[in-house]
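Engineer: In this note's numbering, the protein residues as written are 115 to 252. Here a beta-carbon is modelled for each residue, glycine too, at the ideal position from N, C-alpha and C. Could you have a look at this structure, given as structure tokens, before my questions?
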């Protein structure tokens, strides 16, 4: 009889502890542990609207010099190529006019071949680019 009472108390006490270990599907809370590097990346993504805005890629630099000359070259380029983005960048001590957002050097070199007669002295540079639109029609 004493043995049965002890077993009953044992299962009664430890039975509640086992129930505490189960997770109900409606609890709605989860704790995720992550490294500080992952936390920083998520923080930066949230600050930039939930997606990364730039990645490593290539552009074609068509001119560098003073601001007015760079703006003129940018305007000349945009007259001929309305669908290709053109950027005016300032890196001490001069301004630079760079065009395009190419993922690979090969894409940038192919585009450079089309421009080299209109903009002699142009060359490909590696830089951060904005995410180019994917052409899924091909």
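Assuming residue 178 and residue 208 are in contact, meaning their beta carbons sit under 8 angstroms apart, how far apart are those beta carbons, in whole angstroms?
Structural biologist: About 5 angstroms; that satisfies the 8 angstroms criterion.
Engineer: Would you kindly work out how many angstroms separate the C-alpha atoms of residue 116 and residue 123, rounded to a whole number?
Structural biologist: Going from the Cα of residue 116 to the Cα of residue 123 covers about 11 angstroms.
Engineer: Spatial neighbours of residue 217 within its chain, please: C-beta separation below 6 angstroms, excluding the five flanking residues on both sides.
Structural biologist: Once the five neighbours on either side are set aside, the close Cβ partners of residue 217 are 171.
Engineer: Please determine, among 212, 206, 173, the residue with the shortest C-alpha to C-alpha distance to residue 254.
Structural biologist: Shown here, the chain extends from 115 to 252; a query on residue 254 therefore has no answer.
Engineer: Taking the alpha-carbon positions, what's the residue 175 to residue 197 distance?
Structural biologist: Cα to Cα, residue 175 sits roughly 17 angstroms from residue 197.
Engineer: According to DSSP, residue 175 sits in a beta bridge with which residue or residues?
Structural biologist: Paired residue(s): 212, 237.
Engineer: Around the Cβ of residue 152, are there at least 16 other Cβ atoms within 10 angstroms (buried) or fewer (exposed)?
Structural biologist: Label assigned to residue 152: exposed.
Engineer: Please report the straight-line C-alpha distance between residue 237 and residue 149, rounded to a whole angstrom.
Structural biologist: Rounded to the nearest angstrom, the two C-alpha atoms are 41 angstroms apart.
Engineer: Mapping DSSP to helix, strand and coil, what is residue 230?
Structural biologist: DSSP places residue 230 in coil when its eight states are reduced to three.
Engineer: Cα-Cα, which of 159, 118, 235, 240 is closest to residue 222?
Structural biologist: That would be 240, whose Cα lies nearest to the Cα of residue 222.
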